[in-house]
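**Student:** Pasting a structure below so you can have a look.
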Amino acid sequence: MSATIVSLPDQSTARIPKVNFITKENGILSWLLTGDHKRIAILYLVSLSFFFFIGGALAGLIRLELLTPQTDLMATDTYNKVFTMHGVIMIFFFLVPSVPATLGNFLIPLMIGAKDLALPKINLLSWYLYMAGGILAIYTMATGGVDTGWTFTTPLSTHYVNTNVLTTGLAVFIAGFSSIFTGLNFIVTIHKMRCPGMTWFRMPLFVWAHYAASILMVLGTPVVAIAIVLVALERTIGIGVFDPTKGGDPLLFQHLFWFYSHPAVYIMILPGMGVISETISTFSRKRVFGYTAVAFSSVAIAVFGFFVWAHHMFIMGISNYAVLVFSLLTMLVAVPSAIKIFNWTFTLYKGSITFETPMLYTFGFMGLFTIGGLTGVFLGTSGTDIHLTETYFIVAHFHFVMVGGMLMAFLAGIHFWWPKMTGRMYPEKISQLAAVVTFIGFNFTFFPQFILGTLGMPRRYASYPPEFQVLNVFSTAGATILGVGYLLPVLYLTWSLKYGAIAGNNPWQATGLEWQIQSPPLTENFLETPIMDHEAYDYEWLENQKAKEVSSVG
Amino acid sequence: MSDSTAIAHGAHDAPEHGHEEHPAYLRHHFENVEQQADAAGFAMWLFLLTEVMFFGGLFTAYLIYRNWYYPAFVAASHQLSIPLGGLNTLLLITSSFTMAMGVWCAEVRKKSGLVLCLVLTFVLGLGFLGIKTIEYKEKFEKNHVPGSHFSVDSFTHPDLDNPVTAKDQPLALDMARHTEVYFSLYFAMTGMHALHMIIGIAILGYMIFRAQAGAYTAGHVTFVENFGLYWHFVDIVWIFLFPLLYLISRHS
């Protein structure tokens, strides 16, 4: 048995196809005015990476400040601005669009056998909105920043701070429309653009996951938009909807805000789960166990996800009955996530597992997401939540889900589809090393924070009692390792653009429609409309295809 | 491996692209005109769904505060003018009718009819905004605009000789102050609605210009249809706003 399934074409004769979506047109305008979903995905990938490294640099500053118990690196109000901008940039300009806008954009039409997304111009518009919002966010950071935390909590944001709440709010509002248009485009595409034979239950689970996430984008984002509008009106002309002195209720803001922002965490994680379904099947050479259950669990997460928002408000004065109900619903939403984890594990069972880089990231995802998800149940239980809320336990929990889960999935996906997007492979050994370094660095960074949280270290403070220092030093040291883990892919992926081995059509021997066409694909994706005549993840079908190919050449 | 740039399976002998047999407005990534129209219409309905959620946040706020501060909401809603609000409702419903007629004209390719309908819709929309301006101006004069100039005088010391309705009684100061929440919501909701009207009227202006050039009467009516959906949606929002803000407390 070979230790790898990578099958590259003979490097001495293989060439990148002369005509593909990258070489079709030249010049900067051909990129900035493109309607091609693949080019827009590349635009997103470049700009997302840019915002990710800004957000990452801010995270580095936070960890440096927390190296010592005193506030010695920056003033406390600067620290507030740094963690606020870290949150705003990472959530609205990296995590929410990360997988959908890059991989989703690139792959959904390929996976369902379409030539493009249904609304190419809207797709381009959503990138411009994303960029406008992102540049505005950077601008506010450069001109004084904002220090409300990424949640814009009232009355702090409406009455008590003099920082750039309005412009940051506007940036988030604009980025929200980008997200709405992306989700809308995906839903329309998945409904109306599937190729003949591509029934709902033949779609790759990646597409199902994006469909569920798109529902959340379309239904959730407008609510945070109106919440931001009301905050802006309250700040500028002084309407009283959230102002207790006039009879308004700040809790209403929390309800409106979390009605989006809780589903938003599923917007962030669901596309990542879609990536994992693809990689785990490909590198175990098996159909995903319980395909239907995994597909419906995505939809179930989307539905349940809308009814758990008040678990962010257990200590904010909502009624005990509300706490009871939302606590119960929060535990229910853990069920579909568990269904996914169990089904992926069963997919591994008796599979022919190989350990290519995407699979290493996938294993990272499964372990870290499980820890992150289970600690979410601790927090959904109101008794433990009252002790743990607003401590580092929360910080560790959502970083396990978002960084350990989503970022791992993002990197798994980027490594998995990189040969399809660029036509070239990256160096295998160093990328495996990067995956391992990321995993180790991540655990060093965030596991100590669980302990810090249970010991009672509050979040959002620049200083802390000296007895917490050892664990904080651990965390900061881990963040350094993590930083190296994120820099490595940038280096070798960039290197591979010119020097990487030619990947060929299907280096992983995967079954998706996207792997049956040339890499990088043509602008119109398929020369002829494909017909889907087999189930998803049908490795037998793939073997037959290969057998046929040989006979026709011979 | 063979040089298989095409998909390896399911050879499908459809005529390649064949732009000459399709109308020019068919975009390359759609199979046919029906699929294109289908996708565009579906997208518009989804967009309207996001709009429902957008206004939904405001309606939620309204319902909660109305329950909490019922007397203040009753007294404050008596300050609104039913004749003006009613006239506006009439204008909007009429504009929805002219818009629907416009869509019909586009479908049966009557260019002059389409232009006429769009112009009528445009004028009726402007009329709505004009009357809304009169109403807003009155709020400014009575100091009913939330903010530093807001005054509760007309609720703590109502003009009992000349009441708006027979049952208007002075409110206690703490309840009267909550009328500011009512007017906050009034301005937020009608303001957001007016913003949608302004965007709609701007697009109407563009459409009138394009319709005169015959853009929508050559079979490709998707844009007119989708704009019609938008316009009817804005109309329906008003159909909810009018009773909630003006009418439902008149008897008490």
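Chains as they are written, first to last, in our numbering: chain A, 615 to 1168; chain B, 207 to 458. Positions of the beta carbon are idealized from the N, C-alpha and C atoms, including for glycine. What you are looking at is a predicted structure, and each value in this text was computed from that prediction instead of being measured.
Report, in whole angstroms, the separation of the C-beta atoms of residue 788 (chain A) and residue 743 (chain A), which I expect to be a contact under 8 angstroms.
**Tutor:** That pair is a contact at about 5 angstroms.
**Student:** Does the stretch 347-355 of chain B come into contact with the stretch 308-320 of chain B, if we say contact requires no fewer than three beta-carbon pairs (one atom in each stretch) closer than 8 angstroms?
**Tutor:** Segments in contact, no.
**Student:** Going by C-alpha distance, which of B:418, B:336, B:381, B:364 is nearest residue 375 (chain B)?
**Tutor:** Comparing Cα-Cα distances from residue 375 (chain B) to each of B:418, B:336, B:381, B:364, the minimum goes to B:364.
**Student:** Quick one: grab the DSSP three-state call for residue 816 (chain A).
**Tutor:** Three-state result, residue 816 (chain A): helix.
**Student:** Going along the chain, which unbroken runs of the beta strand (DSSP E) with 3 or more residues stay wholly within the stretch 689-734 of chain A?
**Tutor:** Runs of the beta strand (DSSP E) inside the stretch 689-734 of chain A: none found.
**Student:** Residue range of the alpha helix (DSSP H) that residue 789 (chain A) falls in?
**Tutor:** Run containing residue 789 (chain A): 779-806, per the alpha helix (DSSP H) assignment.
**Student:** Residues in its own chain within less than 7 angstroms of residue 334 (chain B) by CB, not counting five upstream and five downstream?
**Tutor:** 294, 297, 298, 403, listed in sequence order.
**Student:** Are residue 781 (chain A) and residue 762 (chain A) touching if we call contact CB-CB under 8 angstroms?
**Tutor:** For residue 781 (chain A) and residue 762 (chain A), no; Cβs fall outside 8 angstroms.
**Student:** Starting from the beta carbon of residue 794 (chain A), find every residue of chain B whose beta carbon is closer than 7 angstroms, and list them in chain order.
**Tutor:** Under the 7 angstroms cutoff, chain B gives 256.
**Student:** Would you check if there are 3 or more beta carbon pairs closer than 8 angstroms linking the stretch 666-675 of chain A to the stretch 690-710 of chain A?
**Tutor:** Touching, yes, given that three or more Cβ pairs across the two stretches are closer than 8 angstroms.
**Student:** Determine the DSSP secondary structure at residue 432 (chain B), reduced to helix, strand or coil.
**Tutor:** Helix at residue 432 (chain B).
**Student:** Could you list which residues in chain B have their beta carbon closer than 8 angstroms to that of residue 862 (chain A), in chain order?
**Tutor:** The answer, in chain order, is 271, 387, 390.
**Student:** Can you give me, in chain order, the residues of the stretch 333-367 of chain B that have a beta carbon less than 9 angstroms from any beta carbon in chain A?
**Tutor:** For the stretch 333-367 of chain B, which is checked against every Cβ of chain A, the residues closer than 9 angstroms are 351, 352, 353, 354, 356.
**Student:** Which residues in chain A have a C-beta closer than 8 angstroms to the C-beta of residue 241 (chain B)? List them in chain order.
**Tutor:** Residues of chain A passing the Cβ test: 806, 807.
**Student:** Counting Cβ pairs closer than 8 angstroms, one from the stretch 400-418 of chain B and one from the stretch 228-241 of chain B, do we hit at least three?
**Tutor:** Flag = no, the stretch 400-418 of chain B and the stretch 228-241 of chain B do not touch.
**Student:** Within 10 Å of its beta-carbon, does residue 757 (chain A) have 16 or more other beta-carbons around it, so buried, or fewer, so exposed?
**Tutor:** Answer is exposed; the Cβ neighbour count stays below 16.
**Student:** Under 9 angstroms Cβ-Cβ, which residues of chain A neighbour residue 262 (chain B)?
**Tutor:** Chain A residues near residue 262 (chain B): 836, 837, 840.
**Student:** Looking at C-beta atoms only, is the number of pairs between the stretch 1069-1080 of chain A and the stretch 1135-1155 of chain A that lie closer than 8 angstroms three or more?
**Tutor:** No, they do not touch.
**Student:** Which same chain residues end up closer than 8 angstroms to residue 856 (chain A) when comparing Cβ atoms and leaving out the 5 residues on each side of it in sequence?
**Tutor:** 768, 769, 772, 844, 845, 848, 862, 863, 864, 866, 867.
**Student:** Rounded to a whole number of angstroms, what is the C-alpha to C-alpha distance between residue 1167 (chain A) and residue 1158 (chain A)?
**Tutor:** A caution first: residue 1167 (chain A) carries a pLDDT of 48, below 50, which makes its placement in the model too unreliable to give a value.
**Student:** Taking DSSP as the reference, what is the three-state secondary structure of residue 767 (chain A)?
**Tutor:** If DSSP states are grouped into helix, strand and coil, residue 767 (chain A) belongs with coil.
**Student:** Would the beta-carbon of residue 904 (chain A) fall within 8 angstroms of that of residue 880 (chain A)?
**Tutor:** No, Cβ-Cβ distance for residue 904 (chain A) and residue 880 (chain A) is not below 8 angstroms.
**Student:** Might you give, ordered along the chain, the residues of its own chain that have their beta carbon closer than 6 angstroms to the beta carbon of residue 950 (chain A), omitting 5 neighbours on each side?
**Tutor:** Same-chain partners within the cutoff: 911, 914, 915.
**Student:** Along the chain, where does the alpha helix (DSSP H) that runs through residue 262 (chain B) open and close?
**Tutor:** Where residue 262 (chain B) is concerned, the enclosing alpha helix (DSSP H) stretches over 239-274.
**Student:** Output the distance between the C-alpha atoms of residue 795 (chain A) and residue 801 (chain A), rounded to the nearest integer angstrom.
**Tutor:** C-alpha separation (whole angstroms): 10 angstroms.
**Student:** Count the CB pairs spanning the stretch 1111-1129 of chain A and the stretch 722-742 of chain A that are closer than 8 angstroms, and state whether there are at least three.
**Tutor:** As far as the Cβ criterion goes, the stretch 1111-1129 of chain A touches the stretch 722-742 of chain A, which means the pair count is three or higher.
**Student:** Closer than 6 angstroms by C-beta to residue 1025 (chain A): which residues in its own chain qualify, once you throw out the five before and the five after it? Chain order, please.
**Tutor:** 975, listed in sequence order.
**Student:** DSSP puts residue 982 (chain A) in a beta bridge; with which residues?
**Tutor:** Per DSSP, none; premise fails for residue 982 (chain A).
**Student:** Can you tell me which of the three DSSP states residue 653 (chain A) falls into?
**Tutor:** Three-state DSSP puts residue 653 (chain A) in a helix.
**Student:** Which residue's Cα is closest to the Cα of residue 631 (chain A): A:664, A:901, A:1036?
**Tutor:** Checking every option, the nearest Cα to that of residue 631 (chain A) belongs to A:1036.
**Student:** In the DSSP assignment, what are the bridge partners of residue 1139 (chain A)?
**Tutor:** Bridge partners of residue 1139 (chain A): A:1136.
**Student:** Is the distance from the Cβ of residue 1059 (chain A) to the Cβ of residue 1007 (chain A) below 8 angstroms?
**Tutor:** Cβ distance not < 8 angstroms, so residue 1059 (chain A) and residue 1007 (chain A) don't count as in contact.
**Student:** Alpha carbon to alpha carbon, how far is residue 751 (chain A) from residue 1016 (chain A)? Give it in angstroms, no decimals.
**Tutor:** Roughly 21 angstroms separates the two Cα atoms.
**Student:** For the stretch 732-747 of chain A, which residues have a CB atom closer than 8 angstroms to at least one CB atom of chain B, in sequence order?
**Tutor:** Those would be 732, 733, 734, 736, in chain order.
**Student:** Where does residue 677 (chain A) fall in DSSP's three states?
**Tutor:** Looking at residue 677 (chain A) - three-state DSSP - the assignment turns out to be helix.
**Student:** Once DSSP output is grouped into helix, strand and coil, what is the label at residue 1005 (chain A)?
**Tutor:** Looking at residue 1005 (chain A) - three-state DSSP - the assignment turns out to be strand.
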